[in-house]
Each structure stands twice: as structure tokens, then as C-alpha cells.
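Following: one structure in C-alpha cells, then a few remarks.
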Amino acid sequence: MKNIKLLNKIAKVGTDIFDRTQYNVADDVENPDAIMVRSAAMHDMTFGPELKAIARCGAGVNNIPVDKCAEQGIVVFNTPGANANGVKELAICALLLAARDVVGGVNWANSLAGQENVAKLVEKGKSQFAGNELAGKTLGVIGLGAIGGMVANAAHNMGMKVIGYDPYVTVEGAWRLSRAVRKASSYDEVYAHADYISVHVPSTPETKGMFCEENFAKMNDGVRIINLSRADLVNADDMKAALASGKVKRYVVDFPTEETINVPGIVAIPHLGASTAESEDNCAVMAAHQLVEYLESGNIKNSVNFPNASMPHDGDARICIMHKNVQNMLAKISAIVSEEGLNIENMLNRSKGDYAYTIIEIIGDIPASVLEKLGTLDSIIKINVIK
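Sequential numbering from 41 applies to the sequence shown in the working numbering.
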């Protein structure tokens with residue numbers, strides 16, 4: 041029986057994926073083989089030797105100590121694209137909120153409660169909340185992955201001109217983009233042409249604080265910025281200064297902080313990007329399937345710290361080895377297996393950055409001596425056996 045620990049409330053449609061004759065799934069299980077998580081902070085957690093995988097029901101993994109997990113041979117999965125439509129729809133809403141002071145207008149209308157002739161007061165005061173239409177304006181999309189690509193296409197369909205930049209765009213992502221989306225050659229090109237900017241990139245050392253005084257100076261006066269990705273992509277002090285000067289007309293953010301609430305020109309949404317029933321279901325289902333595939337066959341898909349690796353489980357057993365991506369490791373592993381006279385049905389080796397993953401499919405039993413010898417090799421992190 042394998043133990044799956046739930047750190048947050050996970051959609052039942054996802055937890056139902058696990059066969060309860062083989063899995064114990066609950067929030068109070070001990071010594072888990074795998075963990076399913078949404079937003080719970082895990083950086084201060086201690087992981088037992090039984091833990092093989094963590095599945096994040098969502099795309100971002102900032103709440104998970106990814107590097108520590110890699111060092112301990114714990115595969116961290118995310119669910120890219122599962123919540124993309126939900127975030128895309130909120131991005132369209134955010135564009136409209138950036139174009140028109142709908143929030144300010146609603147709050148003002150509510151303040152008229154108890155007064156006479158509300159209809160006349162509305163007609164007299166509504167002009168202070170007038171805005172602009174999106175059609176004909178230029179949207180700059182930074183990050184053209186699953187979400188950014190959908191936002192770019194939707195904005196084009198709404199009559200906007202769209203320019204996008206992503207130095208890491210995949211071939212699949214590029215194929216999904218409308219031919220009408222203009223491909224920029226740099227962030228600066230997006231800054232120079234956009235009336236609106238929507239950012240869809242992860243928080244990394246390269247992207248943190250990318251919206252700052254230096255880059256605001258490269259943008260059009262009155263630019264409107266949408267951030268549904270991470271709060272720290274924007275320097276809050278520089279943003280408030282840009283709003284005060286008029287360089288930025290409005291900033292819509294899905295990650296409110298102490299610095300960005302109750303600030304004129306900032307619309308702070310309480311992290312609703314993926315907060316739809318459909319997104320939560322999709323993420324939970326994808327995460328559960330990834331855990332089942334890994335725990336039962338050793339195959340990896342959508343890991344953020346180990347390489348994708350998959351092959352049919354046709355043999356009697358397989359040895360799954362997490363190790364550092366160093367020279368001659370595959371030769372050393374193969375030599376030990378061969379010395380024991382094992383019949384290798386198939387073998388797969390993949391690497392990602394500093395880490396690598398090797399699957400060896402075996403005909404027959406796996407002697408304990410093989411595992412012992414493999415465990416003595418330098419750079420071996422963890423060995424899992426699947427039968």
C-alpha cells in the first residue's frame with residue numbers, strides 16, 4: 041500500500057484517480073510515498089526517505105524546495121497548462137479592468153446608497169470613470185507558454201494588435217500562436233510598442249524585478265500592466281512612483297502585498313487566476329495521473345527538477361536511478377548490472393541540468409547485491425525498484 045499525503049484540499053475528481061486497494065490517500069498519512077499540494081509552504085518541511093515525489097496542482101512551484109528535493113531524489117511535478125484557460129480568462133478580465141476604472145466606479149456607485157435620485161447622480165458622476173476600448177490598442181505579451189499564448193490569441197480576436205516575446209518559446213507553443221501575433225526580438229521591443237503589457241513568466245533570478253524604474257522609462261506614457269504571474273516580477277516602489285508620475289496608468293496584479301493594496305491606480309485581485317472549479321479539477325487529475333505513472337512505472341512527465349523519461353514497462357522489474365549528471369555514470373551503472381549477469385530488456389537515460397535519471401528494465405529478479413553495489417557509486421542520489 042502506497043501512502044499519498046494531501047497538504048491542501050485537493051479536488052475529489054483527482055484523488056479518485058488512485059486505486060484505493062493500492063493507495064492510502066489522506067491528509068494525515070505518515071511516511072508518505074508522495075505528496076499532493078497546492079499552495080501549502082513546504083520549505084521548512086523535513087522529508088522522509090520514503091518520499092519519492094511531490095505533485096503541485098498548478099504551474100508555479102515557489103512553495104516547494106525544488107533544489108533540496110533534487111538532492112534527495114524527490115521528483116517534483118507540476119501541471120503546466122491544466123489551469124491555463126482559467127488564468128487566460130482572468131487576464132482578459134484584467135485587461136478590461138486596466139482599460140476602464142470599473143472597480144472605482146462600482147465602489148463609487150455603492151457609496152450612493154441611501155441618497156435620493158441615485159440614477160441622476162450616476163449620470164452626473166459617471167464621467168470620472170470613463171476609460172478606453174481595447175480594440176486597436178497594442179498588447180505586449182511577455183512569456184508565450186500555455187497561458188501567454190492563449191492570452192495573445194484571445195487579445196487578437198478582440199481586435200487588439202499583439203506583440204510577444206519569449207526567449208524560451210517551444211516549437212509546440214509557437215505553433216499554437218496566431219500568425220497575427222508579431223514576434224518581438226527582445227523585452228525592450230515589447231516595452232517600446234505596447235499600450236498594455238501582460239506578463240506570463242516564472243519568478244527567476246533573471247525575471248525578479250524586471251518591471252522597474254529602468255524599464256518603465258522604455259515604455260509608452262500611460263502604459264497599463266497586467267501581472268498574473270508573481271508579485272516579485274515588479275518592484276513595488278518603482279511601480280508606485282511610475283503610477284504617481286503617469287508613466288503607468290494602471291497596474292492589475294493577482295498577487296496583492298502590503299505594498300500594493302489601497303494604492304491609487306492598482307487593482308489588486310486576491311490570487312484568483314486558477315481559482316475556478318474547472319482549473320482545480322484539471323490540475324488535480326493531471327497531478328494524480330503523473331504520480332500514478334511514476335510510482336507504478338518510474339516514468340516521469342512534467343517534472344521541474346528531473347528530466348522527462350518514459351518507456352513501456354515490459355520487463356519483470358525495473359531499476360530507477362536518480363543521479364548527478366556526470367561523465368561515465370551510465371557506463372558504471374551498466375557495468376555493475378552486467379557483472380551480475382542480469383538480462384537487460386531495455387534501458388533509458390535522460391538528463392536535465394545537474395541531474396540525470398536512468399531506467400533499467402530487467403528480465404528476472406533483481407539481486408540485492410546489485411542495488412548495494414549501485415548504491416556505492418559516487419553521485420548516486422536514490423534508487424527505486426519497481427516490479
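Note that beta-carbon positions come from the ideal geometry of N, C-alpha and C, so glycine has one too. No experiment lies behind these values; they were computed from the predicted model shown.
{"Item": "Rounded separation between A194 and P304 - CA only", "Value": "28 Å"}
{"Item": "Under 7 Å between C-beta atoms of V106 and N322", "Value": "no"}
{"Item": "Cβ shell of G126 (< 8 Å), same chain only, five flanking positions each side left out", "Value": "G313, A314, S315, T316, E318 and S319"}
{"Item": "Inter-residue spacing [alpha-carbon to alpha-carbon] between E229 and A170", "Value": "29 Å"}
{"Item": "Pick from A81, V209, C360 and V288 that is closest to A396, judged by C-alpha positions", "Value": "C360"}
{"Item": "Q330, buried or exposed, once every other Cβ within 10 Å from all chains shown has been counted against 16", "Value": "buried"}
{"Item": "Buried versus exposed, by CB contacts within 10 Å (16 or more), Y334", "Value": "buried"}
{"Item": "Separation of K177 from G189, as counted between CA atoms", "Value": "18 Å"}
{"Item": "Which residues DSSP lists as bridging V344, in chain order", "Value": "According to DSSP, V344 bridges with nothing at all."}
{"Item": "Environment of E156 [buried if 16+ CB atoms lie within 10 Å]", "Value": "exposed"}
{"Item": "V263 vs V293 beta-carbon contact at 7 Å", "Value": "no"}
{"Item": "Contiguous beta strand (DSSP E) assignments of at least 3 residues, all confined to the stretch 91-174", "Value": "93-96 and 115-117"}
{"Item": "A308, enclosing beta strand (DSSP E) - first and last residue", "Value": "I306 to A308"}
{"Item": "Option in I203, A375 and A257 with minimal Cα separation from V239", "Value": "I203"}
{"Item": "Straight-line Cα distance separating E212 from N365", "Value": "27 Å"}
{"Item": "Span of the beta strand (DSSP E) around E336", "Value": "Premise fails: E336 lies in the alpha helix (DSSP H), A317 to S337, not in any beta strand (DSSP E)."}
{"Item": "Under the three-state DSSP convention, the category G189 falls into", "Value": "helix"}
{"Item": "Segment contact flag, the stretch 127-136 with the stretch 101-115, C-beta cutoff 8 Å, min 3 pairs", "Value": "no"}
{"Item": "Extent of the continuous alpha helix (DSSP H) to which G54 belongs", "Value": "K52 to T55"}
{"Item": "Runs of alpha helix (DSSP H) lying entirely within the stretch 229-316, each at least 4 residues, in chain order", "Value": "253-256 and 276-285"}
{"Item": "Candidates P245, S378 and M259, of which the one nearest L414 by Cα", "Value": "S378"}
{"Item": "Three-state class that DSSP yields for N43 in the structure shown", "Value": "strand"}
{"Item": "Rounded distance between the beta-carbons of V221 and I57, thought under 8 Å", "Value": "Wrong, their Cβ atoms sit about 36 Å apart, outside the cutoff."}
{"Item": "Element boundaries [alpha helix (DSSP H), containing S419]", "Value": "Run containing S419: none; DSSP gives neither H nor E here."}
{"Item": "Pairwise C-alpha distance: A327 and I44", "Value": "12 Å"}
{"Item": "Spatial distance of K160 from A271 (CA atoms)", "Value": "40 Å"}
{"Item": "Cβ neighbours of P310 in the same chain (closer than 7 Å, five flanking residues each side left out)", "Value": "P296"}
{"Item": "Pairwise C-alpha distance: N123 and K52", "Value": "16 Å"}
{"Item": "Alpha-carbon to alpha-carbon, G144 and T300", "Value": "16 Å"}
{"Item": "For Y236 and V101, the rounded distance between their alpha carbons", "Value": "27 Å"}
{"Item": "M76 versus I426: straight-line alpha-carbon distance, rounded", "Value": "21 Å"}
{"Item": "Own chain, CB closer than 8 Å to N103, minus 5 neighbours either side, in chain order", "Value": "V77, S79, A80, A81, M82, H83 and R96"}
{"Item": "Proximity to K223 [Cα-Cα], best of V241, G381, P242 and K201", "Value": "K201"}
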